[in-house]
Amino acid sequence: MRKLCLSVALVACVFAIASCSSKSASEGGSDEAAAAPVQVSPAVRKTIHQVVTAEAVLYPIRQASITPKVSAPVARFLVQRGDHVKEGQLLAVLEDKDLVAAAQEGKQLYQQSEAAFENTQNAVMPEDLTKAEADVESSREALVAAKRVYDNRVMLLQEGALAQKLVDDAKVALVQAQSTYDTANQHLKSLQTVGRVEQLKSAQAQADAAKAHYESAAAQVSYAEVRSPISGVISDRPVNVGEMASAGSALLSVVDISRVVARANISVHEASDIHTGRNATITTPGGELPAKVIVVSPAVDPNTTTIQIWVEAINKGELLKPGTTAQISIDVGDVPNAVVVPAAALLASDDGGEQVVIAGKDNLAHVSKVKVGVRNGEEAQILSGVQAGDQVITQGALGLDDKSKITITKPGAEGDDHE
775 MRKLCLSVAL VACVFAIASC SSKSASEGGS DEAAAAPVQV SPAVRKTIHQ VVTAEAVLYP
835 IRQASITPKV SAPVARFLVQ RGDHVKEGQL LAVLEDKDLV AAAQEGKQLY QQSEAAFENT
895 QNAVMPEDLT KAEADVESSR EALVAAKRVY DNRVMLLQEG ALAQKLVDDA KVALVQAQST
955 YDTANQHLKS LQTVGRVEQL KSAQAQADAA KAHYESAAAQ VSYAEVRSPI SGVISDRPVN
1015 VGEMASAGSA LLSVVDISRV VARANISVHE ASDIHTGRNA TITTPGGELP AKVIVVSPAV
1075 DPNTTTIQIW VEAINKGELL KPGTTAQISI DVGDVPNAVV VPAAALLASD DGGEQVVIAG
1135 KDNLAHVSKV KVGVRNGEEA QILSGVQAGD QVITQGALGL DDKSKITITK PGAEGDDHE
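Mapped onto my numbering, the consecutive letters of the sequence shown carry residue numbers 775 to 1193.
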């Protein structure tokens, strides 16, 4: 009986020892599982090439909505949508019978006023001048004769051979002759100066007014021919033959897509180093086109707090169509001595910024909020929050809390190959 009790006690001790060993092993395995496996990459100080990318919309280099200057029915179109046209090419013709009639009337009035001016200049004025000159000459001769009579009578009066009354009569006649001569002479001078000039000015003004009226009517006739102001492609033709073309409403639209302009809105920080003339690339599903920056808006859009950038490229074969979306890449240049980390290390922060997780020497994860500068493909410049040499977590950081236990693994290694 005593031997049986000893055997039972021995078995119980064995089970107790085994249970403690199992519990210890279980606790040890729990500690190991709590360390999250991560992969890291060091933050390095190097030169990073800055390329700014953004989504853009394509626009034609030039476009024109052609509106007629007169309202008239469309007589005929000479182009269709998609046709290529040259600057100055005739595109459409409007009904112009009433305009032609008005121009003809204006021409007749102009010819009449021209004839009246010629008559005033060559006929009326010379006749008036001839008569005035004759009046002056006649009055001058009368004045000379009256003076001669007066002088003779004064002499006879002094000799006592003539009465005083006759001398007085001769003096009155002399004064009248002098007055007539002065009046005729003044009239001649007025014709030679003010009167002639004013008559000619009046006749010339009437001729000029008639000419302006005629030229206006002729211009109205020319407006019936609608021509293209630019070279390009007909993109729209909303009016049909026979319909009324209204002044101020688009009759045709022409776009020049030999070059395209990609317009993009870029953040103020990224746009700070972008200047006109910078090399750029426009990327579409069909490929890439070399381009240049041609416009950097001087003002910030208050609604989006961005700056609009225009990038221009030659559209070979007119393959790119206005209105489509594309991606632009602008070569801004090198940023030397920058702290650079893999772009995979960047995570979105809860407060809207960005952060990275640094693997500390204490085998703990340290969350650090960062300010990002240049982004270039798989690399990003860190302006603050990371120092050169820090080991940033590139894989396994998502979901890690600050001070979480980590274990660093090598890329491609199994879970038991820990550093």
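For every residue, glycine included, the Cβ atom is placed at its ideal position computed from N, Cα and C.
> Closest by CA to residue 1047, which one among 909, 1132, 1070?
Replying inline: Taking the sequence shown and counting its residues from 1, one reaches residue 1047 at position 273. Answer by Cα proximity: 1070.
>> Among 1095, 1080, 985, whose alpha-carbon lies nearest the alpha-carbon of residue 1034?
In response: Position 260 of the sequence shown, counted from the first residue, corresponds to residue 1034. With distances taken between CA atoms, residue 1034 lies nearest to 1095 out of 1095, 1080, 985.
>> For the beta strand (DSSP E) containing residue 846, name the first residue and the last one.
In response: On the sequence shown, position 72 is the one that residue 846 refers to. Start and end: 846–851.
>> For a quick check, are the C-beta atoms of residue 1028 and residue 1019 less than 8 Å apart?
In response: Here residue 1028 is taken as the residue at index 254 of the sequence shown, counted from 1. Here residue 1019 is taken as the residue at index 245 of the sequence shown, counted from 1. Result no, Cβ atoms of residue 1028 and residue 1019 do not sit closer than 8 Å.
> When DSSP labels each residue in this structure, what does residue 997 get in the three-state scheme?
Replying inline: Translated into the one-based positions of the sequence shown, residue 997 becomes position 223. DSSP places residue 997 in coil when its eight states are reduced to three.
> Leaving out five residues before and five after residue 958 in sequence, what residues of the same chain have Cβ atoms less than 6 Å from its Cβ?
Replying inline: Working through the sequence shown from its first residue, we reach residue 958 at position 184. Setting aside the 5 residues that flank it on each side, residue 958 is surrounded in the same chain by 909, 910, 913, each with a C-beta closer than 6 Å to its C-beta; the list follows chain order.
> Mind pulling the beta strand (DSSP E) runs of 3 or more residues that sit fully within the segment 1123–1172?
Replying inline: Unbroken beta strand (DSSP E) runs of no fewer than 3 residues, entirely contained in the segment 1123–1172, are found at 1128–1133, 1139–1150, 1153–1158, 1165–1169, following chain order.
> Residues in its own chain within less than 7 Å of residue 811 by CB, not counting five upstream and five downstream?
Replying inline: The sequence position of residue 811 within the sequence shown is 37, counting from 1. The answer, listed in chain order, is 1170, 1181, 1183, 1189.
> Which whole runs of the alpha helix (DSSP H) in the segment 858–929 are 4 residues long or more, in chain order?
Replying inline: The segment 858–929 contains these whole alpha helix (DSSP H) runs: 871–893.
> Would residue 1062 be called buried (16 or more neighbouring beta carbons within 10 Å of its own) or exposed?
Replying inline: Residue numbering aside, residue 1062 sits at position 288 when the sequence shown is read from its first letter. Result: exposed.
> Going straight from the alpha carbon of residue 1208 to that of residue 867, what length do you get?
Replying inline: Residue 1208 falls outside the range modelled here, since the chain spans only 775 to 1193, and no answer is possible.
> What's the gap between the Cα of residue 1086 and the Cα of residue 1100?
Replying inline: For the purposes of this step, residue 1086 is taken as residue 312 along the sequence shown, with counting starting at 1. For the purposes of this step, residue 1100 is taken as residue 326 along the sequence shown, with counting starting at 1. A straight-line Cα-Cα distance of about 12 Å links residue 1086 and residue 1100.
> Under the three-state reduction of DSSP, which class applies to residue 799: helix, strand or coil?
Replying inline: If you number the sequence shown from 1, residue 799 lands on position 25. Because residue 799 carries a pLDDT of 41, less than 50, the predicted location of this residue cannot be relied on, and no value is offered for it.
>> Determine whether the beta carbon atoms of residue 1159 and residue 1144 lie at a separation below 8 Å.
In response: The residue given as residue 1159 occupies position 385 in the sequence shown. The residue given as residue 1144 occupies position 370 in the sequence shown. Yes, these two residues count as a Cβ contact at 8 Å.
> Does the separation of the CB atoms of residue 931 and residue 918 fall below 8 Å?
Replying inline: As a first step, residue 931 is located in the sequence shown; it is residue number 157 there, counting from the start. As a first step, residue 918 is located in the sequence shown; it is residue number 144 there, counting from the start. The answer is no: Cβ separation not under 8 Å.
> For residue 838, which option in 1138, 1024, 1127, 1175 has the closest C-alpha, if you only look at C-alpha atoms?
Replying inline: By one-based count along the sequence shown, residue 838 stands at place 64. Ranking 1138, 1024, 1127, 1175 by Cα distance to residue 838 puts 1024 first.
>> When you compare the CB positions of residue 1115 and residue 1156, do they come within less than 8 Å of one another, or not?
In response: Start at 1 with the first residue of the sequence shown, and residue 1115 comes out as number 341. Start at 1 with the first residue of the sequence shown, and residue 1156 comes out as number 382. Cβ atoms of residue 1115 and residue 1156: closer than 8 Å.
>> Between which residues of its own chain and residue 1044 is the CB-CB distance below 6 Å, once the five residues before and five after are set aside?
In response: Along the sequence shown, read from residue 1 onward, the residue named residue 1044 stands at position 270. Closer than 6 Å at the Cβ level, and outside the excluded window around residue 1044, lie 826.
> Rounded to a whole number of angstroms, what is the C-alpha to C-alpha distance between residue 977 and residue 886?
Replying inline: Numbered from its first residue, the sequence shown carries residue 977 at position 203. Numbered from its first residue, the sequence shown carries residue 886 at position 112. If I take the Cα positions, the gap works out to 11 Å.
>> Here's a check: name, in chain order, each residue in its chain whose Cβ is nearer than 6 Å to the Cβ of residue 1103, leaving out the five neighbours to either side.
In response: To locate residue 1103, count along the sequence shown from 1; it is residue 329. So the list reads 825, 827, 1055, once near-sequence residues are dropped.
> Going by Cα to Cα distance, which pick from 920, 1000, 808 is closest to residue 842?
Replying inline: Taking the first residue of the sequence shown as position 1, residue 842 is located at position 68. Residue 1000 is the option with its Cα nearest to residue 842.
> So the beta strand (DSSP E) residue 854 belongs to, where does it begin and stop?
Replying inline: Start at 1 with the first residue of the sequence shown, and residue 854 comes out as number 80. Where residue 854 is concerned, there is no enclosing beta strand (DSSP E), given that its DSSP letter is neither H nor E.
> From what residue to what residue does the alpha helix (DSSP H) around residue 941 run?
Replying inline: In the sequence shown, the residue the question calls residue 941 occupies position 167. Taken as a continuous stretch (DSSP letters only), the alpha helix (DSSP H) holding residue 941 covers 938–964.
> Could you give the distance in angstroms between the alpha-carbon of residue 860 and the alpha-carbon of residue 1006?
Replying inline: As a first step, residue 860 must be located in the sequence shown, where it is residue number 86. As a first step, residue 1006 must be located in the sequence shown, where it is residue number 232. Roughly 7 Å separates the two Cα atoms.
> Ordered along the chain, which non-local residues of its own chain (more than five positions away) have a Cβ less than 6 Å from that of residue 836?
Replying inline: Locating residue 836 in the sequence shown gives position 62, where the first residue counts as 1. Cβ neighbours of residue 836 beyond the five flanking positions: 1004, 1030.
> residue 869 and residue 846: beta carbons closer than 8 Å?
Replying inline: As a first step, residue 869 must be located in the sequence shown, where it is residue number 95. As a first step, residue 846 must be located in the sequence shown, where it is residue number 72. Cβ atoms of residue 869 and residue 846: closer than 8 Å.
> How many Å lie between residue 1010 and residue 882 at the Cα?
Replying inline: As a working mapping, residue 1010 is identified with position 236 in the sequence shown. As a working mapping, residue 882 is identified with position 108 in the sequence shown. Across the structure, residue 1010 and residue 882 are spaced so that their CA atoms are roughly 41 Å apart.
> Among 1138, 907, 1052, which residue has its Cα nearest to the Cα of residue 1068?
Replying inline: Taking the sequence shown and counting its residues from 1, one reaches residue 1068 at position 294. When only C-alpha atoms are compared, the closest one is 1052.
>> Restricting to runs no shorter than 3 residues, where is the beta strand (DSSP E) found entirely within the segment 1002–1035?
In response: Listed in chain order, they are 1006–1010.
> Between the Cα of residue 865 and the Cα atoms of 1017, 1002, 1178, 1111, which residue gives the shortest distance?
Replying inline: Looking up residue 865 in the sequence shown gives position 91. For residue 865, the closest of 1017, 1002, 1178, 1111 by C-alpha to C-alpha distance is 1002.
> Whose C-beta lies closer than 6 Å to the C-beta of residue 820 among residues of the same chain, with five residues either side of it excluded?
Replying inline: Stepping through the sequence shown from its first residue, residue 820 is reached at position 46. 1114, listed in sequence order.
> Apart from the five residues just before and just after residue 996, which ones in its own chain have a Cβ nearer than 6 Å to its Cβ?
Replying inline: Counting from one through the sequence shown, the residue named residue 996 turns up at place 222. Cβ neighbours of residue 996 beyond the five flanking positions: none.
> When we look at the beta-carbon of residue 906 and count the other beta-carbons within 10 Å, is it buried (16 or more) or exposed?
Replying inline: For the purposes of this step, residue 906 is taken as residue 132 along the sequence shown, with counting starting at 1. It is buried - the Cβ of residue 906 has at least 16 other Cβ atoms within 10 Å.
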